[in-house]
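Contents: one structure, followed by commentary.
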Amino acid sequence: MCVPPENGCPPAEPAPDPGLPRHVAIIMDGNGRWAKRRRLPRLRGHEAGAESVIAAVRACGDLGIACLTLYAFSVENWSRPRAEIAGLMALIRRFLREREAELHERRIRLRVIGRMCDLPADVRRALDRVMAETAEYPDRQLVLALSYGGRAEIADAARRIGEAVRAGTLDPRDIDEAAVAARLYAPDVPDPDLMIRTSGELRLSNFLLWQLSYAELFFSEVLWPDFRERHLVEAVEDYRRRQRRFGEVR
749 MCVPPENGCP PAEPAPDPGL PRHVAIIMDG NGRWAKRRRL PRLRGHEAGA ESVIAAVRAC
809 GDLGIACLTL YAFSVENWSR PRAEIAGLMA LIRRFLRERE AELHERRIRL RVIGRMCDLP
869 ADVRRALDRV MAETAEYPDR QLVLALSYGG RAEIADAARR IGEAVRAGTL DPRDIDEAAV
929 AARLYAPDVP DPDLMIRTSG ELRLSNFLLW QLSYAELFFS EVLWPDFRER HLVEAVEDYR
989 RRQRRFGEVR
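For the sequence shown, position 73 (counting from the first letter as 1) is numbered 821 according to our numbering, and the numbering increases by one without interruption.
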């Protein structure tokens, strides 16, 4: 089982407005239903959803949100039909090819979390290249969760802890939440403040199970291909009206 290397990069800068979420995570749900309602192949729904990715990236940039994480492909998605998987991999390559210039223009650093070794070699090469070429941008991050699962991430972190104990570099008595968090896929990325799920489904679907412990959750009825800047602004405005307690009494 592959485990991504630890990343020692500095965390993203906080958003200029302290009332804004610093990190927004989105479960992009509803592509298949969008296509079915229009009697189109499922892949057409994924293609339409790619436009919503750009809308979300631009909205976060305009608002001053430092980090956006998108649940793009889960470990469970490998069980889908091969033709659909091939189409999704082609969409990733096309996104990188067509949108790389905008990432540079907006000075957005591309990141990936998940088991990248599961991805086709050409997809890995394209991702590695764009990640390397955007690595120096300090203020904005786009994180794609690819071949990702929350349970898999925690299991991989536990494996790394076991390896450190076996190597004698970690005392079992020192294993605490910080030790686990430091071995997640992107330990330098702050936990999401706001998680958005589209299409009306009310579950986490194995997404960022560790990191979402204290996130505010927002569920939208909008199918992902119809999600645009105004919908993200609506979720952020709802977030701003909430009082985050983190277990405290206020």
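Just so it is clear, CB atoms sit at the ideal spot from N, CA and C, and this is done for glycine as well.
Boundaries (first-last residue) of the beta strand (DSSP E) holding residue i
i: M837; result: Note, M837: premise wrong, no beta strand (DSSP E); alpha helix (DSSP H) at 830-853.
i: A893; result: 888-896
i: R945; result: 942-945
Span of the alpha helix (DSSP H) around residue i
i: Y987; result: 977-988
i: V970; result: Where V970 is concerned, there is no enclosing alpha helix (DSSP H), given that its DSSP letter is neither H nor E.
i: I802; result: 790-811
i: W782; result: 779-785
i: V928; result: 925-929
Alpha carbon of residue i to alpha carbon of residue j, nearest angstrom
i: V984; j: R976; result: 13 Å
i: I856; j: Y885; result: 6 Å
i: A783; j: D924; result: 45 Å
i: L892; j: L918; result: 30 Å
i: S961; j: M943; result: 11 Å
i: V860; j: G793; result: 23 Å
i: L818; j: A803; result: 12 Å
i: A763; j: P769; result: Because the pLDDT of A763 is 42, which lies under 50, any placement of that residue in the model is unreliable, and the number read from its coordinates should be weighed accordingly. The straight-line gap from Cα to Cα measures roughly 7 Å.
i: N954; j: G897; result: 6 Å
i: R914; j: G862; result: 24 Å
i: R786; j: M776; result: 19 Å
Of the listed residues the options, nearest to residue i (C-alpha basis)
i: Q889; options: S822, D974, H852; result: H852
i: L980; options: V913, G916, T946, P829; result: T946
i: R830; options: R863, L791, M864, A804; result: L791
i: R854; options: C815, R873, R877, L836; result: C815
i: W958; options: D974, A906, R993; result: A906
i: G948; options: D765, I774, G767; result: I774
i: R978; options: V805, N779, G780; result: V805
Exposure label - residue i; buried when at least 16 CB within 10 Å
i: W826; result: exposed
i: G797; result: buried
i: Y987; result: buried
i: P920; result: exposed
i: D904; result: buried
i: G916; result: exposed
i: E850; result: exposed
i: E969; result: exposed
i: G809; result: buried
i: L788; result: exposed
Strand pairing of residue i, partner residues [DSSP]
i: S822; result: Y896
i: A773; result: T817, M943
i: R859; result: V891
i: E881; result: E881 pairs with nothing; no bridge assigned.
i: L965; result: M943
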